[in-house]
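To keep things clear, I will list the structure first and then write my remarks on it.
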Amino acid sequence: MKRLIMLAVLCAFVLSAAAASAADIKASGAFTVEAVWKSNWNFGDKGIKDNDSSVFDIEQRADVVFEFIANENLKGVLFLRYGTGKWGQGSFALGAGDGGQTTSGTAVSGSRIAVRRAYIDFNWPDTTINVKAGYQAVTLPNAFGGGSMILDEEVASAVVSGAITDNVGYLFGFARAATGNDFSTTAATSRDPESNADVWVAALPMNFEGFNIAPFGAFAVLGDQLQAGQTPQGLRSINATNITGKDSFDAAYWLGAAFTMDLFDPFVLKADVNYGKVTSDVKQNEKDGWLFDAALEYKGFDFMTPELFFVYTTGEDDNASKGNGSERMPIIQASNWAVGSFFFGGDTLLDGSFPGAAGGRPTYLGFWALGLSLKDIQSFADGLTHTAHFIYAKGTNDKNIGSAYTNGSGVALNNVSYGRTLTEKDSLIEIDFNTAYKVYDELTLTLDLGYINLDAKSSVWTTAATNTQKGGDAWKISTGVVYAF
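Given below as structure tokens:
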């Protein structure tokens, strides 16, 4: 309760401050509660014991966004988030709102109220130039997947965009992803200015009748003293390490383009090409790879929208496990890219898909997938809709990375995990059927059903300690309610 009172006081403060300066206030957000039943998410039913830590969880989150609007050319944005948290734990434990501890006397470890975004948004007078400065969401151009696989996250940054002509625009941005040792998951012991990580981004979006394309580039300066354990997980090669007398990392860069064409309406074609590379004085820290995706959507039906899609990402070759760098595309941070709504992300609400566990997107890179989505299926009742996904995926990683991961050598490999990383010997089938019902325009009930059959090669993943690991069936039932305003 104390935290909620603090949030109310903070909201009252910002509202009164805005009133004093004659700013108009626009509030939006979402309150979400979701229950998820999980079965065999570690794919242990064909060998190792099913040891999921929890098979049923309820989570919730509250997002509130305030826009303080001075005029049509100037505003400030403050995005507050409470959660995401599980019922019965942390800030959602029994009595956790009463004085910062639970009824059993256990202290709650910190508040879950966080500033998710806080930035200034203004247009330069008498121009088309827009400037956003502060802690904000930065996403590189993408046509398919719901977000960029390279950079799609909140980050301290300044972004300038505008129009060159009626059809051609531009975007330039600078982001400081880390200062000192802030990438590390452990407490920083020093703040060496040469361990900063700065990212520069640029895009040239072009919109014409019937199609649009947005080529882009990004360049990251990785400080000379940045250590392997301090970099984002997605930038680490499979055997990233530190070697005395050499810089662990040098720089990273990405090139790509997002393309959409509706020239042959009702057919819509979407495609992305992404390439990235991390350079280093240490050969085994180098990493480069690429992603290609394409989707063909048909909008000629009134009752649903079918979409056929294909995704390919490069995987580790047979040299990766020998310490010769990685062949998977480096990622700064990707929060929203998904196909389907289970293995590759995309759950309707909070916790019904895999990427939050075992390393997420950097771990499952190295695959190709072919799928069909039937979106926005109109059902028998007003406000009731369904979406179905059918996916077949197979790994593009060499089988040796699985053998190296399980050989008992004691060497931990980055971004490799049984049940998440697919080798050329592994494949999966995913079927999802998701339902949404609008009780009111602002209130929606959801039900997501998901099934995955993983066919994993036991000779690749099996160890004496775990017995046979050869895949199995995973299920989920996810249901919840969201109030969006």
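Here the sequence shown is numbered in the working numbering, starting from 24 and rising by one per residue.
Note that CB positions come from ideal geometry on N, CA and C, so glycine has one too.
Annotated as distal: residue 245 and residue 263, with beta-carbon spacing of 8 Å or more. Two segments are said to touch when three or more pairs of C-beta atoms, one from each, lie closer than 8 Å; by this definition the stretch 82-95 touches the stretch 104-123. CA-to-CA, the gap between residue 324 and residue 280 works out to about 29 Å. Within the stretch 399-467, the runs of beta strand (DSSP E) at least 3 residues long that lie entirely inside it are, in chain order, 407-418 and 450-461. The beta carbons of residue 411 and residue 62 sit no closer together than 8 Å. Residue state for residue 377 is assigned as helix, using DSSP reduced to three classes. Residue pairing for residue 85: DSSP places it in a beta bridge opposite 54 and 105. Beta-bridge pairing by DSSP links residue 278 to 240 and 298. Membership of residue 498 in the beta strand (DSSP E) is indicated by the continuous run 494-507.
Our two residues, residue 300 and residue 159, have alpha carbons roughly 25 Å apart in a direct line. Around the C-beta of residue 175, 16 or more other C-beta atoms lie within 10 Å, and the residue is accordingly described as buried. Annotated three-state conformation of residue 219 is coil, per DSSP. Assignment of residue 473 by DSSP, reduced to helix, strand and coil, places it in the strand class. Contact between residue 182 and residue 155 is confirmed by a C-beta separation of about 5 Å, below the 8 Å threshold. Residue pairing by DSSP puts residue 320 in a beta bridge opposite 291 and 330.
For residue 330, the closest alpha carbon among the candidates 349, 362 and 355 is that of 362. The shortest C-alpha to C-alpha distance from residue 273 to any of 297, 305, 256 and 48 is the one to 305. Inclusion of residue 226 and residue 289 in the CB contact set at 8 Å is not warranted, their separation being larger than that value. For residue 139, the uninterrupted beta strand (DSSP E) segment begins and ends at 136-146.
Counting along the chain, residue 364 sits inside no alpha helix (DSSP H), nor does DSSP assign it H or E at all. Counting only the Cα atoms, residue 480 lies some 5 Å from residue 493.
Relative to residue 95, the option among 146, 55, 112 and 108 whose CA is nearest is 146. Taken through DSSP and simplified to helix, strand or coil, residue 481 comes out as helix. Apart from the 5 residues on each side of it in sequence, residue 240 sits with its Cβ closer than 6 Å to the Cβ of 225 and 278 in its chain, given in chain order. Within a 10 Å sphere around the beta-carbon of residue 48 sit fewer than 16 other beta-carbons, which makes this residue exposed. Here residue 420 is actually not in contact with residue 341; their C-beta atoms are around 10 Å apart, not less than 8 Å. When only Cα atoms are considered, residue 311 and residue 352 end up about 5 Å apart. Contact check for residue 261 and residue 339: beta-carbon distance about 6 Å, within the 8 Å limit, so the pair qualifies. In chain order, 185 place their CB closer than 8 Å to the CB of residue 150, counting only its own chain and leaving out the 5 sequence neighbours on each side.
Look at residue 257 here: in three-state DSSP terms it is helix. The Cβ neighbour count for residue 438, taken over all protein chains shown within 10 Å, is at least 16; the residue is labelled buried.
Sequence-distant partners of residue 402 (beyond 5 residues in either direction) whose C-beta falls short of 7 Å from its own C-beta, in its chain, are 408 and 409. For residue 461 and residue 406, the gap between their C-alpha atoms comes out near 5 Å.
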